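Taking it in order: structure first as structure tokens, then the write-up.
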Amino acid sequence: PRNTDSFDFSRYHTLNEIYSFQDMLVAENPKMVSKIVIGRSYEGRPLNVLKFSTGGTNRPAIWIDTGIHSREWVTQASGTWFAKKIVTDYGSDPALTAILDTMDIFLEIVTNPDGYYYTHNTNRMWRKTRKPNSGSSCVGVDPNRNWDAGFGGAGASSNPCSETYHGPSAHSESEVKSIVDFVKSHGNLKAFLSIHSYSQMLLYPYGYTRTVAKDQAELHAVAEKAITDLASLYGTRYRYGSIITTIYQASGGTIDWTYNQGIKYSYTFELRDTGRYGFILPANQIIPTAKETWLALMVIMDHTYKNLY
Amino acid sequence: KETFDGHQVLRIAPRDEAQLALVKDMEDMMEFELDFWKGVTEVATHVDVRVPFHSLQSTKTYLESQDIKYSIMIEDLQVMLDEEQEEMDSAARDAE
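Taken in order, these protein sequences are the chains called V and U. Under our numbering, the residue at position 57 of the first sequence is numbered 57, and the numbers go up by one with no gaps. Position in the second sequence (first residue = 1) + 1000 = our numbering.
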């Protein structure tokens, strides 16, 4: 496509097509969109983060990432749609305009590029990173078990061949460490939204402990509003709650770490579906999924904007 | 490119904590090469697991011998992947 208006959001795209989309979006919106490379994947691919900003310096910000588990293709596809939505709606949607007049948004669409490339070219079912594990023939670490939050505890595997292998140490994966370093250097993130699929859930900390998050009541109320707005579009039903009470114990998870860093509004989404197609969600569900998810994201972003801390 | 001919995704519904533990034990049966799409959580929530063709029979035998209920969520994974790939290819051709 010659521009992002003719980009086909209703189909799945290769890694290069998404990289090209990102560059086109930056070129078309030089005053609002920039691309930051926060690091490199194990195989040397750039970890691109799109920054949406209307000015200011180190403004309070919102982080959104998709694709940390590479086979969850509807998430990278939704992230691409979110990027275009932001530039399209700024100036016309009052709520988003208010948010972006005060805050920045950071969007990492392909958070695990090595894995994503591998799903397109070798193994569609690949979930983890692609770094070899010394002493094992099995490759990769689950990047959602590699964070320094209950790292290595129950709810992750110490077996390199497992899909939930936590890795040799916390932040051992460059895909994870790059985000850790960015979060620490930015220092002013107020919301952190990490998007997975499938099973239609909206989750908040904690996953590694049964300790109730100190902001649990507020996180729960915002989640309830978010899934209500999400369901208003197509009736898609979500469950919501803390990770450990809603699905299972999971240690070393992304949003447990971000919450412990003080980023109050830390959520994980599990997008469509509930298991008719699982990770092989048909492309004709990409745009409906992205649209309904956007409504939930807007609830959380709007609440963050109105409750800066 | 890895193919998944004959791989099935089973949806397992443990009836009680004992059956939940038996399903949990399957996570350590590395020889089955099971891929848990939705892991073991609580009794009320089903477990989705991709089972390679070579361990399909032994997996079903294990479940049936323990009287653990399951259904077939995806009959043949490769068929779905072929459809997905065909759709991507035709969309790319249209774009060309």
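Just so you know, even glycine gets a beta-carbon here, dropped at the ideal spot from N, CA and C. Remember, predicted model here, so these are calculated numbers, not experimental data.
Going along chain U, which residues have a C-beta under 9 Å from residue i?
i       : result
V/Met32 : Chain U residues near V/Met32: none, gap ~27 Å exceeds 9 Å.
V/Tyr12 : Glu1084, Glu1087, Met1088 and Ala1091
Starting from the beta carbon of residue i, find every residue of chain U whose beta carbon is closer than 8 Å, and list them in chain order.
i        : result
V/Asn123 : Lys1001 and Glu1002
V/Glu163 : Asp1035 and Phe1036
V/Tyr116 : Going along chain U, no residue has its Cβ under 8 Å from V/Tyr116, so there is no contact; the nearest lies around 14 Å.
V/Ala283 : Glu1084, Glu1087, Met1088 and Ala1091
V/Tyr19  : In chain order: nothing, as chain U lies at least about 16 Å away.
I'd like to check one pair, residue j with residue i: are the Cβ atoms closer than 8 Å?
i         : j         : result
V/Ala283  : V/Tyr208  : no
V/Ile300  : V/Ala191  : yes
V/Gly152  : V/Ser78   : no
V/Gly253  : V/Asn144  : yes
U/Leu1081 : V/Ile280  : yes
V/Phe52   : V/Asp93   : no
V/Ala296  : V/Ile244  : no
V/Glu175  : V/Ser41   : yes
V/Gln249  : V/Gly155  : yes
V/Ala58   : V/Asn188  : The question names Ala, but residue 58 of chain V is Asn in the sequence shown. The answer is yes: Cβ separation under 8 Å.
V/Arg130  : V/Asp114  : yes
U/Phe1032 : U/Ser1058 : yes
V/Met125  : U/Phe1004 : yes
V/Cys161  : U/Met1030 : yes
V/Lys351  : V/Asn16   : A question about residue 351 of chain V goes unanswered here, because the residues of chain V that appear run from 1 up to 309.
V/Lys264  : V/Tyr309  : yes
U/Asp1048 : V/Gly275  : yes
V/Tyr116  : V/Ser158  : no
V/His186  : V/Ala61   : yes
V/Leu193  : V/Ile287  : no
V/Met201  : V/Ile247  : yes
U/Lys1060 : V/Ser199  : no
V/Thr304  : V/Val183  : no
Excluding five sequence neighbours on each side, which residues of the same chain lie with their C-beta closer than 7 Å to the C-beta of residue i?
i         : result
V/Thr75   : Thr66, Gly67, Ile195, His196, Ser197 and Leu271
V/Tyr90   : Met32, Leu96, Thr97 and Leu100
U/Ile1068 : Ile1012, Pro1014, Gln1019, Leu1022 and Val1023
U/Glu1075 : Gln1008
V/Thr54   : Met32, Leu100 and Asp101
V/Arg210  : Ile244
V/Tyr12   : Trp73, Ala77 and Ala283
V/Leu230  : Thr236, Tyr238, Glu292, Thr293, Leu295 and Ala296
Name, please, each residue of chain V whose Cβ falls closer than 8 Å to the Cβ of residue i.
i         : result
U/Met1073 : Gly275, Arg276 and Gly278
U/Ala1095 : Pro1 and Asp8
U/Asp1076 : Per Cβ cutoff of 8 Å: no residues; U/Asp1076 is ~12 Å from chain V at best.
U/Leu1081 : Arg124 and Ile280
Which same chain residues, not among the five before or five after residue i, have their C-beta less than 8 Å away from its C-beta?
i         : result
V/His171  : Asn146, Trp147, Asp148, Lys177 and Val180
V/Asn3    : Met24 and Glu28
U/Glu1042 : Leu1020
U/Ser1055 : Glu1031, Phe1032, Glu1033 and Leu1034
V/Glu224  : Tyr240
Between residue i and the rest of its own chain, which residues show a CB-CB distance below 6 Å, the 5 nearest in sequence each way excluded?
i         : result
V/Trp81   : Phe9 and Ala290
U/Ser1071 : Arg1011
V/Asp142  : Lys128, Thr164 and Tyr165
V/Gly39   : Leu47, Ser174 and Ser178
V/Asp256  : Ala149, Pro205, Tyr206, Gly207 and Tyr208
V/Ile86   : Phe52
U/Gln1066 : Leu1022
Mind pulling the chain V residues with CB within less than 9 Å of residue i?
i         : result
U/Met1030 : Asn159, Cys161 and Ser162
How would you list, in chain order, the residues of chain V whose beta-carbon sits under 7 Å from the beta-carbon of residue i?
i         : result
U/Asp1016 : Here the premise fails: no neighbours, minimum Cβ distance about 17 Å.
U/Thr1041 : Ile247 and Tyr248
U/Asp1048 : Gly275 and Gly278
U/Val1009 : Gly278
Can a CB atom of chain B be found closer than 8 Å to the CB of residue i?
i        : result
V/Ile255 : Looking at the structure shown, chain B is missing, and the protein chains on hand are V and U.
Quick one: any contact between the region 264-275 of chain V and the region 155-171 of chain V, if contact means 3 or more CB pairs under 8 Å?
-> No, the region 264-275 of chain V is not in contact with the region 155-171 of chain V.
Under 9 Å (Cβ pairs) to chain U, residues found in the region 187-209 of chain V = Of all residues in the region 187-209 of chain V, Tyr198 and Ser199 have a Cβ within less than 9 Å of some Cβ in chain U.
Can you find at least 3 beta carbon pairs, one from the region 1008-1018 of chain U and one from the region 109-122 of chain V, that sit closer than 8 Å?
-> Result no; under three Cβ-Cβ pairs closer than 8 Å.
Below 7 Å between beta carbons is the criterion; list the residues of the region 246-271 of chain V that meet it against any residue of chain U, in chain order.
-> Of all residues in the region 246-271 of chain V, only Ile247 and Tyr248 place a beta-carbon less than 7 Å from a beta-carbon of chain U.
Count the CB pairs spanning the region 233-244 of chain V and the region 213-220 of chain V that are closer than 8 Å, and state whether there are at least three.
-> Segments in contact, yes.
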